[in-house]
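Below: one structure, written as C-alpha cells.
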Amino acid sequence: MKRIYRYPARILPALLLSLVGYIPHSMAAVETFTDEASGLLSWKAQHPGFSLQFIQLLPDYIRAIYSARGLSPKVVELMAGYCMFGTIIKNESGEPLAYRVADWRYITADGQAHPVKTKTQWLAEWEDMGVAFRWSLLPDDQQFAPGDWSQGFTTLPLARDTVFKLKYQWTQQGEIHEGIFEELRCAPAEAPDV
Amino acid sequence: MFNRCLALILVLCAPFGLLHAELPSPELSHELNRLKTPVAAPDFSLEDLDGEQQALNDYRGKVIMLNFWATWCPPCRREIPSMESIYQDLADKGFVVLGINEFETPDHVFAYTGQLSVFPNFPILFDLDSKVAELYGVKGLPTTLLINKQGQVVYRAAGGRDFDHPEVRAIVSELLAEEDGGN
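Chain order of the listed sequences is A and B. Read in our numbering, the first sequence has 134 at position 134, and its numbers run on one by one without any break. Read in our numbering, the second sequence has 358 at position 164, and its numbers run on one by one without any break.
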C-alpha cells in the first residue's frame, strides 16, 4: 500500500479560527493509498477522534455483491452504473459522535455542490423495484459511542474516473465539524494495470 | 492436465482477488458501550440452521450476546473467531451467543461457515426479512448487543469488535455474576 500525505494549507487558519470558537474545516491529514494488487485508490481523512475513508469500488465488484444477494439484473446494473465508494467512519474519540449523510455535499468541476444520495432515498427506490434487501449502503445517520464504527457504500451519480471534492460533516461534543476531500476520483470501468 | 486446471483456477480467482484487494480492514476495537437506561429486549422467534424455531425467550435467565451479521460483511467475518472463543469458554456459565444473519439463506451460510478457519458452534438464526434487526434499531452490520439475565439490553456496539479482549470478558463475567432477579 503506497501512501501520499497531503496536509491542507488551511490547517494554520483553521487552528487560529478554532481559537475563537469557529472551525470551518477541522484539521485533517488526508492520505491517499494505492492498492498494490488492484491499482485502485483510497483516501483517509484523519481528524482528532474521527476518521473517514473512501475506497474506490469497481463496477464488477458492485455487480458481484448485488447479484449474490439475488437482486434483479436491472437493479444490479443500476447500482453498477453509479460511482461507488466503500466508506468507513470511525469514532476514535472518548466521546459520542454523530454524522448525517444528508449534510454531506459533493462538488463537481463546475463548482456546483450536490447532496449525496442517502440510504433512505435508495431504499424507497428499491422498494418500488421490489427489492427487500436493505443492507450494504452506508446508514444515513448514526450516533457513535466511543469505539463504534461503520462501513457501507456511498453512491454518486458520476461517470467513471470523474474527479470531485467531497465536503463532510460530523458532530462531536455538541460542535459541528467539517472536512473536505479535495480530490476524490470515481473508480475506472476496470482495474488499472499494475 | 494439471497445468490446465491450475490456469483455470488462477483465471477464476484472479478477478476475485482484484475485486476484494481494495477493501482495507480496520482494526477491531473492543469497547462495548453501556446504555444509560437499559431497555427490555423484545422477544422474537427465528429459524436456525436446522430449520428449528428458536425464540429469544428460550434463553431468558442467561447472558445473551446478539450479533447481527452477514457473510459479505468483512468485519462480521473477522469477529467470528473471537465470538466463538468467548462462547466456548463461558457457555457452561450461562452465556450464549446468537448470530442473527441478515437476508441470507441457511444453505448459503452453511456453505460459508464450512470455509471458516474457526467454525461457529453458537446458534445462527435467520432474519430473512430483517424484521428483528428493525425491531432492535440496527442500522449497520455488524451490530452487537448484550442482554442481561433480566432480559434487558445493557450494552451495544456498532462495528466489528474483538470479543476475546479482556475488557469484554470482564463485562460478560460481571453480567454472569449478577442475580437473575427471579426470572
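Here a beta-carbon is modelled for each residue, glycine too, at the ideal position from N, C-alpha and C.
Cα separation between residue 293(B) and residue 302(B)?
15 Å
Please state the DSSP three-state secondary structure of residue 192(A).
coil
Taking residue 242(B) as the reference, give the member of 328(B), 311(B), 250(B) with the closest Cα.
250(B)
With 8 Å as the threshold, decide whether the Cβ of residue 150(A) is near any Cβ in chain B.
yes
Residue 296(B) and residue 335(B) look like a contact to me (Cβ under 8 Å); what is the Cβ gap, rounded to whole Å?
6 Å
Beta-carbon within less than 8 Å of residue 366(B)'s beta-carbon, same chain only, minus the 5 sequence neighbours each way: which residues are those?
257, 259, 280, 284, 289, 340
Taking Cβ positions, are residue 62(A) and residue 151(A) nearer each other than 8 Å?
no
At a CB-CB cut-off below 8 Å, which residues of chain A make contact with residue 335(B)?
135
8 Å Cβ shell around residue 157(A) - same chain, five flanking residues per side excluded:
82, 83, 117
For residue 100(A), which residues of its own chain have a beta-carbon under 6 Å away from its beta-carbon, when the five flanking residues on both sides are left out?
141
Let me confirm a value: residue 176(A) is counted as buried when at least 16 other C-beta atoms fall within 10 Å, else exposed. Which label applies?
exposed
Whole angstroms are fine: how far does the CA of residue 271(B) sit from the CA of residue 277(B)?
10 Å
When you check each C-beta in the segment 106 to 127 of chain A against every C-beta of chain B, which residues fall closer than 7 Å?
none
Is residue 277(B) helix, strand or coil when you go by DSSP?
helix
For residue 371(B), go through chain A and note every residue whose CB falls closer than 9 Å to its CB, in chain order.
By Cβ distance, chain A contributes nothing, its closest Cβ being about 23 Å from residue 371(B), past 9 Å.
If you reduce the DSSP assignment to three classes, tell me which class residue 183(A) lands in.
strand
With 16 as the cutoff for other CB atoms within 10 Å, does residue 136(A) come out buried or exposed?
buried
Let me make sure I understand the geometry here. Which of 326(B), 353(B), 248(B) has the alpha-carbon closest to that of residue 338(B)?
353(B)
Can you confirm whether residue 296(B), when its beta carbon is compared against all beta carbons of chain A, has any partner nearer than 8 Å?
yes
Compare the C-beta of residue 81(A) with all C-beta atoms of chain B and state if any pair is closer than 8 Å.
no
How about residue 94(A) and residue 55(A): are their beta carbons less than 8 Å apart?
no
Name the chain A residues whose beta carbon is nearer than 9 Å to that of residue 323(B)?
132
Can you name the start and end residues of the beta strand (DSSP E) that residue 259(B) belongs to?
257 to 263
Span of the alpha helix (DSSP H) holding residue 149(A)?
Not the alpha helix (DSSP H): residue 149(A) falls in the beta strand (DSSP E), residues 149 to 156.
Residues bridged to residue 370(B) by DSSP?
Per DSSP, none; premise fails for residue 370(B).
Contacts that residue 227(B) makes with chain A (C-beta to C-beta distance below 8 Å)
145, 146, 147, 148
Note down, one range per segment and in chain order, each beta strand (DSSP E) of at least 3 residues found wholly within the segment 304 to 332 of chain B.
318 to 321
So, for residue 325(B): in the same chain, excluding its five sequence neighbours on each side, which residues have a beta-carbon less than 6 Å away from its beta-carbon?
none
Using 8 Å as the Cβ pair cut-off and three pairs as the minimum, do the segment 224 to 243 of chain B and the segment 346 to 361 of chain B touch?
yes
Residue 343(B): which of 254(B), 237(B), 234(B), 223(B) sits nearest, CA to CA?
254(B)
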